[in-house]
């Protein structure tokens, strides 16, 4: 079973992505990778497993390289440090969504009028209002329904972490 209290996304866009994928309760949103790491360290003392979801930030490469890579899925990686699992979107949520839409033959312009531009999409995803955006939630839902979507792989990867510690 997925414990949403043990999933720590880095930004509003990641938080709604995880909440929509798993439904129900919100995960423990944190702003920035540094805060995600602090929260994960605290939760790791209380729970058998915690999962952080974050962008592949160039400033954090040294930290990411210290983690053991479990699997590289192409658009995201699964890395581990003891009972702390890190799902790292490559290179960032915006590009992850754009590439996921391409793979699933979904036209991103039908949801956001951004023409596959990561910077313009980022403006939507970084706003706190994204948490109540039916457009974004609809995009995530449609990506989950698509047969060859990376969102399905992302969901399975996170579910697998919790199953391993069940």
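In our numbering, the protein residues as written are 2 to 167. In this text, a Cβ means the ideal position worked out from N, Cα and C, and glycines have one as well.
Check	Outcome
Residue burial classification, residue 142 (beta-carbon count within 10 angstroms, cutoff 16)	exposed
Alpha carbon of residue 110 to alpha carbon of residue 136, nearest angstrom	11 Å
Segment contact flag, the segment 121-134 with the segment 4-15, C-beta cutoff 8 Å, min 3 pairs	yes
Cβ pair residue 155, residue 77 closer than 8 Å	yes
Residue nearest to residue 75 in terms of C-alpha spacing, selected from 159, 59, 44, 90	90
Contact under 8 Å by Cβ, residue 82 with residue 68	yes
Cutoff 7 Å; reference residue 6; Cβ partners in own chain excluding five residues on either side	29
Residue 115 vs residue 88 beta-carbon contact at 8 Å	no
Rounded straight-line distance, which links the Cα of residue 57 to that of residue 146	26 Å
Cβ-based neighbour list, residue 32, same chain, cut-off 8 Å, excluding 5 preceding and 5 following	11, 12
heavy atom of the ligand MN below 7 Å from residue 17 C-beta	The ligand MN is not part of the structure shown, which contains no ligands of any sort.
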